[in-house]
Amino acid sequence: MKRFDEILHNGYSQSFDITRIIFHEKTEHQELVIFETPTFGRVMALDNIVQVTTRDEHVYHEMLTHVPLLAKGNVKDVLIIGGGDGGILRETLRHASVQHATLVELDRAVVDLSLEHFPDISNGAFSDPRTDLIITDGVKFVAETDKRFDVVIVDSTDPVGPGEVLFTESFYADCHRCLKEGGVLVTQNGVPFFQGDEVTNTYQRMAKSFADNSFYTAVVPTYIGGFMTLGWASDDAGLRHVDVETLRARFAAAQIKCRYYTPDLHKAAFALPQFILDLMRK
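Residue numbers for the sequence shown follow full-length UniProt numbering, so the first one is 1 and each next one is one higher.
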């Protein structure tokens, strides 16, 4: 294998030159390949879909984590569904207020191989005493847990294969059940230029359980197609409209240095292009 071709979208693909294949095997749940590239560094793909690269992982992980945590403020308990590479966990634990971070991952191999081949992504987060790593089905966990969380972050694959069940109405309802009052759910929600149905379906399904739901955006180079939408749901509509001065104060108090996230970008990320607003109203 000298090139990796990701064919995620009909009629359009992206291709990576490979300088070295590090790992390629079918795990219990999915096909997993890790390889080196001259442009994006080290890459992990699941079922031929790129999940993470060492060059741009910070964009996705910072925006999926700091937006809900800083909007909510003083977050103590966080649930992460998926995210076996540890990037969301790393960013979550940078908040001193966080007392417990529960990460639920379906595939143990993703965690083990990430620790071996992408150690800088988790950066010791799995060894933090605040971390509780649970290897199980995320759908089963949110349906059965008696724990309650300030924020739930769903760092999932696209809604194909093992990730499909994380985009259902029943899953969102169970996430709502295990949130504390006024808690926030955020989700990976695809690239709407190519995956518009994900926006429409998620918006309609989340609305069945939450009083306020919408999306915010980030641009991650390897998630091709322009804007990536990140799903947002809460019963507290005010959290989506926290003023930038408050965000700046919370960010400064947290003493976190980011490569992509800023409080001003946080505020602006909720201003959606018309085509995304149209997808929400279909």
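Don't be surprised by glycine CBs; every beta carbon is placed ideally from N, CA and C. Quick caveat, the model's predicted, so the values are computed rather than measured.
Review point. Can you pull the DSSP bridge partners for PHE35?
Key: Under the DSSP definition of a beta bridge, PHE35 partners with ILE21, VAL43.
Point to revise | Rounded separation between PHE23 and THR39 - CA only | key: When rounded, the distance between both Cα atoms is 19 angstroms.
Check your understanding: Counting pairs of Cβ atoms below 8 angstroms between the segment 15-35 and the segment 223-241, do you hit three or more?
Key -> The segment 15-35 is not in contact with the segment 223-241.
Review point. How long is the line joining the alpha carbons of MET63 and TYR261, rounded to whole angstroms?
Key: Cα to Cα, MET63 sits roughly 6 angstroms from TYR261.
Check your understanding: Going straight from the alpha carbon of VAL98 to that of SER13, what length do you get?
Key -> Distance between the alpha carbons of VAL98 and SER13: 39 angstroms.
Review point. Could you give the residue range of the alpha helix (DSSP H) that holds LYS267?
Key: Annotation: the continuous alpha helix (DSSP H) that includes LYS267 extends over 263-269.
Review point. Rounded to the nearest angstrom, how far is the Cβ of MET280 from that of VAL199, given a contact under 8 angstroms?
Key: Confirmed, about 6 angstroms.
**Study point:** Sequence-distant residues of its chain with Cβ nearer than 6 angstroms to CYS258 (five each side left out)
**Key:** Closer than 6 angstroms at the Cβ level, and outside the excluded window around CYS258, lie GLU62.
Point to revise | Close Cβ partners of residue 347 (< 8 angstroms) along its chain, the five nearest in sequence each way excluded | key: Outside the modelled stretch of the chain, which goes from 1 to 282, sits residue 347, for which no answer is possible.
Practice item. Taking 8 angstroms as the threshold, find out whether the segment 39-56 comes into contact with the segment 241-255 through three or more Cβ pairs. Key: Two segments are said to touch when three or more pairs of C-beta atoms, one from each, lie closer than 8 angstroms; by this definition the segment 39-56 does not touch the segment 241-255.
Review point. Given PHE194, which residues of its chain have a CB within under 6 angstroms of its CB, disregarding the five upstream and five downstream residues?
Key: By the criterion of a C-beta distance shorter than 6 angstroms, PHE194 is surrounded in its chain by HIS9, GLY225, once the five residues flanking it on both sides are discounted.
Review point. Cα-Cα, which of VAL191, VAL75, GLY183 is closest to ALA237?
Key: Nearest C-alpha to ALA237: GLY183.
Exercise for review: List the DSSP bridge partners of GLY138.
Suggested key: As far as DSSP is concerned, GLY138 takes part in no beta bridge.
**Study point:** Within 7 angstroms, strictly: CB atoms of ARG205 and GLU169
**Key:** Yes, the pair counts as a contact, with Cβ atoms nearer than the cut-off.
**Study point:** Whole-number beta carbon distance between VAL244 and PRO263, since they are thought to touch under 8 angstroms
**Key:** About 6 angstroms separates the two Cβ atoms, so the contact holds.
Check your understanding: Counting only runs that start and end within the segment 163-213, where is the beta strand (DSSP E) found for 3 or more residues in a row?
Key -> You should have 179-188.
**Study point:** ASP77 beta carbon less than 7 angstroms from that of VAL52
**Key:** No, these two residues do not count as a Cβ contact at 7 angstroms.
Check your understanding: Can CYS175 and ARG148 be called in contact, C-beta distance under 7 angstroms?
Key -> For CYS175 and ARG148, no; Cβs fall outside 7 angstroms.
Review point. Alpha helix (DSSP H) containing HIS58: first to last residue?
Key: First-last of the alpha helix (DSSP H) with HIS58: 57-72.
Exercise for review: Could you please give the first and the last residue of the uninterrupted beta strand (DSSP E) stretch that includes LEU239?
Suggested key: LEU239 -> no beta strand (DSSP E), and no H or E assigned at all.
Point to revise | Proximity below 7 angstroms, CB of VAL110 to CB of GLY138 | key: Contact: no.
**Study point:** For GLN99, three-class secondary structure by DSSP
**Key:** In this structure, DSSP gives GLN99 a state outside helix and strand, which the three-state scheme calls coil.
Review point. Just to confirm, are ILE256 and ILE153 a CB contact at a threshold of 7 angstroms?
Key: It is not a contact, given that the beta carbons lie outside the stated cut-off.
Check your understanding: From THR37, LEU277, VAL33, THR202, pick the residue whose C-alpha is nearest to that of ASP47; which is it?
Key -> Relative to the Cα of ASP47, the nearest Cα in the group THR37, LEU277, VAL33, THR202 belongs to VAL33.
Review point. For TYR216, which beta-bridge partners are listed by DSSP?
Key: Looking at the DSSP assignment, TYR216 forms a beta bridge with LEU230.
**Study point:** Identity of the residue in GLY87, GLU91, GLY82 nearest LEU70 by Cα
**Key:** Per the Cα distances, GLU91.
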